[in-house]
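Engineer:
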Amino acid sequence: MVYLSDDIIVSEILTRAAAKVVGLSKSVCKQWYALLSTEDFAKKHCSLSLSSSNQRILKVGDLGCTVHTINIESCDYGPDTIVNFPFNDISIHASLDGLLLVCLEREFDMLLWNPVTRAYKNLSTPDFLGMYLNNHDGIGLYIDASEDYKVLHITRRRGVYGVHVYSRRVGSWRKIPFETRPEYTQPNFYWSSGTLCGDTLYFTLSGSYGNIAVMCFDVNLEQFKEISFPPVPCVGIYKGELLNVKEELHMFVSTGYREMSIDLWKLEGEHWTKVFSFPQMMTMDQWCSMTHFMTNGNWQVMTKEGRIYEILIDTKPFKCFYHPTCFRLKNGAMFLETVVSPTL
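In terms of full-length UniProt numbering, the sequence shown is numbered consecutively and its last residue is 344.
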């Protein structure tokens, strides 16, 4: 009989196991607990978990949170599991490697939370760093070249911008320089949550009638720059929704008033190229409720009414399923089941 060492079991077998199995395995003995709690194990396990079978949808309801599996073939959710979270009235603004960036609607605190391990870290401080105000602030979650998970927080208080970065490795906030146009300090401008694509966080900056610009933050250089919004006619309301499709930045842009024209754009360099145009829809709510998923290179977009549109991206096999509203509204998020910790 061949016996495997603990190191082999942990590094070659448990790194490929489900995150919940890893959690249960920690109770086997002290040595396994120590080996399974290292950052090196979490990194390797995360890198081997990047598959559609490990994707889950977390829904936030009035009575708590539930986690659902995803059926890509039927475009539907599987059975739900209740997740206990010691806070109510939360909004979820980003998801990365199993970590969710959560804001508390009443207390204004900002947290990193892993729904699988149930571990969380409150990022807010007594001197009001990490306090999120809706419609005033912009926030984003990313990992830099040093493999440190960080949170970018853009604040606007009394017409003055401040930008801080939280480091999971250091466990604290620090201020970084930021300059922008004076008109963007006005209260009628607000930031979206950040969309990570490659080494850049992207934000839409909106005015009274819609988006007017896209702000880019280089996560390694920690520098901002502004790029133009897609060239759409400024008729009625115009709004953009950023999303990362296979590490290429795309944007749904809706324009109009009662009847919305919706186009899909892709960023190429610093310029936008139109990829697809949808038939006109009667309300923006239909656009906001789109579900989209990818399989075998084709991008299926399903509206709230159940209409499905197919967009050819490329011919490489790829599977992904998510709700755009999950990243923008308080109803939930798509996340990957990992053992990545919100603290070190």
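For every residue, glycine included, the Cβ atom is placed at its ideal position computed from N, Cα and C.
Keep in mind it's a predicted model, so treat the numbers as computed, not measured.
State the Cα-Cα distance for the pair Arg16 and Phe189, rounded to the nearest angstrom.
Structural biologist: 46 Å
Engineer: Pull up the CB-CB distance for Leu14 and Ser25, whole angstroms please, since I reckon it's below 8 Å.
Structural biologist: 6 Å
Engineer: Please name the residue, chosen from Asp7, Ile154, Ile8 and Thr117, that lies closest to Thr338 on a Cα-to-Cα basis.
Structural biologist: Thr117
Engineer: Can the beta-carbon of Ala119 be found closer than 7 Å to that of Ser341?
Structural biologist: yes
Engineer: Counting Cβ pairs closer than 8 Å, one from the region 237-254 and one from the region 197-204, do we hit at least three?
Structural biologist: yes
Engineer: What's the C-alpha gap between Asn220 and Thr81?
Structural biologist: 37 Å
Engineer: Comparing C-alpha positions only, which one of Arg156, Pro187, Gln186 and Ile143 sits nearest to Arg169?
Structural biologist: Ile143
Engineer: Do Gly138 and Trp191 have their beta-carbon atoms positioned less than 7 Å apart in this structure?
Structural biologist: yes
Engineer: Hey, Asp109 and Ser124: beta-carbon distance below 7 Å or not?
Structural biologist: yes
Engineer: Taking the C-alpha atoms as reference points, what is the distance between Phe224 and Pro177?
Structural biologist: 9 Å
Engineer: Taking the runs of the beta strand (DSSP E) that are 3 residues or longer, which of them lie wholly in the region 36-86?
Structural biologist: As far as the region 36-86 is concerned, its whole beta strand (DSSP E) runs of at least 3 residues are 55-61, 64-71 and 76-83.
Engineer: Suppose the cutoff is 6 Å on Cβ atoms and the five residues either side in sequence are ignored; what does the same chain contact list for Thr185 look like?
Structural biologist: Gly159
Engineer: Start and end of the beta strand (DSSP E) containing Ser206?
Structural biologist: Thr200 to Ser206
Engineer: With Asp6 and Leu35 assumed to form a contact (beta carbons below 8 Å), what rounded beta-carbon distance in angstroms separates them?
Structural biologist: 7 Å
Engineer: Run through DSSP, which three-state label would Val165 get?
Structural biologist: strand
Engineer: Start and end of the beta strand (DSSP E) containing Gly98?
Structural biologist: For Gly98, no beta strand (DSSP E) encloses it, and the DSSP letter there is neither H nor E.
Engineer: From Ile227 to Lys59, what distance separates their C-alpha atoms?
Structural biologist: 33 Å
Engineer: Going by C-alpha distance, which of Phe335, Leu344 and Thr343 is nearest Val67?
Structural biologist: Comparing Cα-Cα distances from Val67 to each of Phe335, Leu344 and Thr343, the minimum goes to Phe335.
Engineer: In whole angstroms, give me the CA-to-CA distance for Ile237 and Ser206.
Structural biologist: 11 Å
Engineer: Return the CA-CA distance between Gly23 and Gly64, expressed in angstroms with no decimal places.
Structural biologist: 22 Å
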